[in-house]
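Chains as they are written, first to last, in this note's numbering: chain A, 12 to 370; chain B, 6 to 256. For glycine and all other residues, C-beta sits at the position ideal for the given N, C-alpha and C. All of these numbers come straight from a predicted model, not from anything done at the bench.
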Amino acid sequence: MSKVLMKGNEAIAEAAIACGCRLYFGYPITPQTEVAEYMAKRMPKVGGLCLQAESEIAAINMVLGASAAGARVMTSSSSPGIALKSEGISYLVGSDLPCLILNVQRGGPGLGGIQPAQSDYNLAVKSAGHGDSHMVVYAPSSIQEIVDLTAVAFDVGDRYRVPVMMLADGALGQMMEPVDIESIGTRTPPEKPWAARGHEGRRKKNIINSLYIEPEELERLVMERYERYAKIAAEETRWEEYRMDDAEICVVAYGITARVCKTAVDAARKKGIRAGMFRPITLWPYPSAQLDAACARAGTRRVLVAELNMGQMIDDVRLAINCRLPVEFHGRTGGMLPSPDEILAKIESLDAAEKEGKN
Amino acid sequence: MAELVFGRPKALSDVPLTYCPGCTHGIVHRLVAEAIDQLGIEGKTVGIAPVGCSVFAYNFFECDMVQAPHGRAPAVATGVKRALPDRVVFTYQGDGDLAAIGTAETVHAGARGENITVIFINNAIYGMTGGQMAPTSLPGQVTTTSPYGRDKNIQGSPIRVCEMMATLDGVAYAERVSVDSPKNVLRAKKAILKAFQTQLAGKGFSIVEVLSSCPTQWGKSPSEALEWIRTEMIPYYPLGVYVDRTGGGEA
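Dropping the structure here:
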């Protein structure tokens, strides 16, 4: 067990290699280019390959090909590049192919900016690509968690044959923290008898495909996939509760924002406000029942959602608690981060409103 | 005793093809399957199907198959080949797939010298969607989206793919053939075989462009369509080897 100081973008690359990933396809875009640069240096040393594609579109389709061939494979990008990849993501979903896609989010829309944001919650969670489709989406809030979740992500992707997104942001990608990569151990990718690797005359041919002209067949396959999604929701949902035992005010936040909120919750507690935080770690599947139960247990009176966007998660929070509590929002966007004081002020205003009996 | 002298290639699936009567896709499928049989590589081959008329190619070849998004077959093939360098990987693509929406993937797979084989069907039209203008539609050609004839001042000029690909150092072998006559079918067969041999020898990217007919969308009888290949397409798209960096001459 040894800790090293690493950037988030480098830590995920090293973690992927530890997970047995030997193929990386990418395209440069700030603030995630270090992933490709790190892979370019490291992959040849471990018998792997880092290939710079001509576009984000080509990169995700190289991922599709490698995954179809049975390989553990990943790509990474940032918001505008992820939008380009959405065609390939939909085909990966439709072809039941696993892979890891890292999104180091930046501000949008359009070219937006290069500073940290959580601008792609909806893109990742609601509209991964055209058609009825989902990715499993992980939202780490520290670099060690990026490493730990990378191992989980590859395993979950392979187990359920689904693409998985690691939804980070410019802050997590760029900042350095001590991490222990050895902690994830050595992972061996499972056998993939469905892969298109050449049948060697030993079996019937395998077809990797997302086209089904007969509507009955397509409906059946989509429904089968949604049964798998239900199983993922039951087995793979992750979340963290912080000081939630008696939290009258529940702050819901994920990723880097959750760290700011944790500090604010501690500060509120020092002021005698019973605040707590609920942090979804999987954004899809969303820990709806868990959030609802946590608020019910704590006797929560008011909910604050904080994000680095204009309120993309807030409806999922409202749905989780069946709109039975008032839900307020505090968001910064365009690459701006809230300070702990900003969040504290919001918690205090919710507390004051509650004491005054306001709705 | 009767001797069977002609039959279905083993690598061609025993299912009805979905192509229109008189379409030459069937001939090219057969040539690809014959090459796979002759080289004994069916068990180590992975084919990539495109979007377009040949989208169902995954049903027609007996090797493992992957169906790619529109135009992305060379990128998908790159992923398969880089994961499994000892496998034979080929794409089968039409002109809209390869030379319009997938131009970047085609050019860059060639530039990288990806050790894959591309079978490119050029029939100067979008067949599957009902006869729209292709990047290879000829000047003056009437299609549903160039109803007054392709005008180079409006829609530009057709792309000559083999000529373009031949400029790239990574392209080891590029040949344009036609399947309008038995003689040309035999030449096409040799070219397709050589393309696969180029890959097996690790020489790099190989592409065979096959001038092909589309009687349905051209509004011609099958024999008129073959004649149109001869009189209209071949003059614009001359047959021949555009680059051969395999160093070994003919196989």
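Going residue by residue through the region 53–107 of chain B, where are the continuous beta strand (DSSP E) segments of at least 3 residues, counting only ones entirely within it?
69–72, 93–99
Starting from B:C167, follow its DSSP beta bridges and name the residues at the other end.
Taking the second sequence and counting its residues from 1, the one referred to as residue 167 of chain B is at position 162. Answer by DSSP bridge pairing: none, since B:C167 is not bridged.
Taking 8 Å as the threshold (beta carbon to beta carbon), is A:I93 in contact with chain B?
For the purposes of this step, residue 93 of chain A is taken as residue 82 along the first sequence, with counting starting at 1. Not closer than 8 Å to any Cβ of chain B, the Cβ of A:I93 fails to qualify, so no.
When you compare the CB of B:H34 with every CB in chain A, is at least one pair closer than 8 Å?
Residue 34 of chain B sits at position 29 when you count from the first residue of the second sequence. B:H34 does not count as touching chain A.
Going by beta carbon distance, what residues of the same chain come within less than 8 Å of A:K18, once the five residues before and after it are set aside?
By one-based count along the first sequence, residue 18 of chain A stands at place 7. Around A:K18: E45, I154, G184, Q185, M186, M187.
Pairwise C-alpha distance: A:G322 and B:A217
For the purposes of this step, residue 217 of chain B is identified with residue 212 of the second sequence, where counting begins at 1. For the purposes of this step, residue 322 of chain A is identified with residue 311 of the first sequence, where counting begins at 1. Residue identity differs from the one stated: residue 217 of chain B is Ser in this sequence, not Ala. Spanning the two alpha carbons is a distance of roughly 54 Å.
If you follow the beta strand (DSSP E) that B:D249 is part of, which residue opens it and which one closes it?
As a first step, residue 249 of chain B is located in the second sequence; it is residue number 244 there, counting from the start. That run of the beta strand (DSSP E) goes 245–249.
Looking at the unbroken beta strand (DSSP E) that takes in A:D257, where does it start and where does it end?
Here residue 257 of chain A corresponds to residue number 246 of the first sequence, with the count starting at 1. Here A:D257 belongs to no beta strand (DSSP E), and DSSP marks it neither H nor E.
Let me check one thing: in DSSP terms, what residues is A:T293 bridge-paired to?
Counted from its first residue, the first sequence places residue 293 of chain A at position 282. DSSP, once it has assigned bridges, lists A:Y149 as partnering A:T293.
Which of helix, strand or coil DSSP assigns to B:I239
Against the second sequence, residue 239 of chain B aligns to sequence position 234. Of the three classes helix, strand and coil, the one that applies to B:I239 here is helix, per DSSP.
Which first and last residues belong to the beta strand (DSSP E) in which B:N120 is found?
Within the second sequence, numbered from 1, the residue matching residue 120 of chain B stands at position 115. Segment: none, B:N120 is in no beta strand (DSSP E) and carries neither H nor E.
With C-beta atoms as the reference, is A:L315 less than 8 Å away from A:T344?
If you number the first sequence from 1, residue 315 of chain A lands on position 304. If you number the first sequence from 1, residue 344 of chain A lands on position 333. Not closer than 8 Å, so no.
Taking C-beta pairs closer than 7 Å, name the residues in chain A that B:L259 reaches, listed in chain order.
What the structure shows of chain B is the stretch from 6 to 256, and residue 259 of chain B is not part of that stretch, so it cannot be assessed.
From this set, A:N72, A:E67, A:G105, which residue's C-alpha is nearest B:K86's C-alpha?
Start at 1 with the first residue of the second sequence, and residue 86 of chain B comes out as number 81. Among A:N72, A:E67, A:G105, the Cα nearest to that of B:K86 is on A:N72.
8 Å contact criterion, which A:P151 and A:V271 should meet: CB distance rounded:
Translated into the one-based positions of the first sequence, residue 151 of chain A becomes position 140. Translated into the one-based positions of the first sequence, residue 271 of chain A becomes position 260. Not quite, the Cβ-Cβ distance comes to about 15 Å (not below 8 Å), so this is no contact.
Flag A:C30 as yes if its beta-carbon sits less than 8 Å from any beta-carbon of chain B, otherwise no.
Counting from 1 along the first sequence, the entry for residue 30 of chain A is found at position 19. Output row for A:C30: interface = no.
Tell me whether A:R308 is buried or exposed, calling it buried when 16 or more other Cβ atoms sit within 10 Å of its Cβ.
As a first step, residue 308 of chain A is located in the first sequence; it is residue number 297 there, counting from the start. Exposed, by the Cβ-count rule.
Please confirm whether A:S106 and A:I267 have their CB atoms less than 8 Å apart.
Position 95 of the first sequence, counted from the first residue, corresponds to residue 106 of chain A. Position 256 of the first sequence, counted from the first residue, corresponds to residue 267 of chain A. No, the pair does not count as a contact, with Cβ atoms beyond the cut-off.
Please list, in chain order, the chain B residues whose beta carbon lies closer than 8 Å to that of A:A99.
One-based indexing of the first sequence puts residue 99 of chain A at position 88. A quick correction: the sequence has Gly, not Ala, at residue 99 of chain A. By Cβ distance, chain B contributes P74, R77.
What are the complete alpha helix (DSSP H) segments, minimum 4 residues, inside the region 291–370 of chain A?
299–309, 325–331, 351–367
What is the DSSP secondary structure of A:A26, counted as helix, strand or coil?
The sequence position of residue 26 of chain A within the first sequence is 15, counting from 1. Looking at A:A26 - three-state DSSP - the assignment turns out to be helix.
Assuming B:V248 and B:V176 are in contact, meaning their beta carbons sit under 8 Å apart, how far apart are those beta carbons, in whole angstroms?
The residue given as residue 248 of chain B occupies position 243 in the second sequence. The residue given as residue 176 of chain B occupies position 171 in the second sequence. Right, the Cβ-Cβ distance comes to about 6 Å (below 8 Å), so this counts as a contact.
Just tell me which of A:L355, A:L113, A:P55, A:A300 has its CA closest to the CA of A:N20.
The residue labelled residue 20 of chain A in the question sits at position 9 within the first sequence. The shortest C-alpha separation from A:N20 is found at A:L113.
Identify each residue in the region 106–126 of chain B for which the Cβ-Cβ distance to at least one residue of chain A is less than 9 Å, and report them in chain order.
A109, E110, V112, H113, A114, A116, R117
Throw me the rounded Cβ distance for the A:Y149 and A:L134 pair, which I believe falls under 8 Å.
Counting from one through the first sequence, the residue named residue 149 of chain A turns up at place 138. Counting from one through the first sequence, the residue named residue 134 of chain A turns up at place 123. With 8 Å as the limit, A:Y149 and A:L134 do not qualify as a contact, their Cβ atoms being about 15 Å apart.
Might you give, ordered along the chain, the residues of its own chain that have their beta carbon closer than 6 Å to the beta carbon of B:E180, omitting 5 neighbours on each side?
Residue numbering aside, residue 180 of chain B sits at position 175 when the second sequence is read from its first letter. Same-chain partners within the cutoff: A196, V213, V246.
Runs of beta strand (DSSP E) wholly within the region 145–191 of chain B (minimum 3 residues, chain order)
176–183
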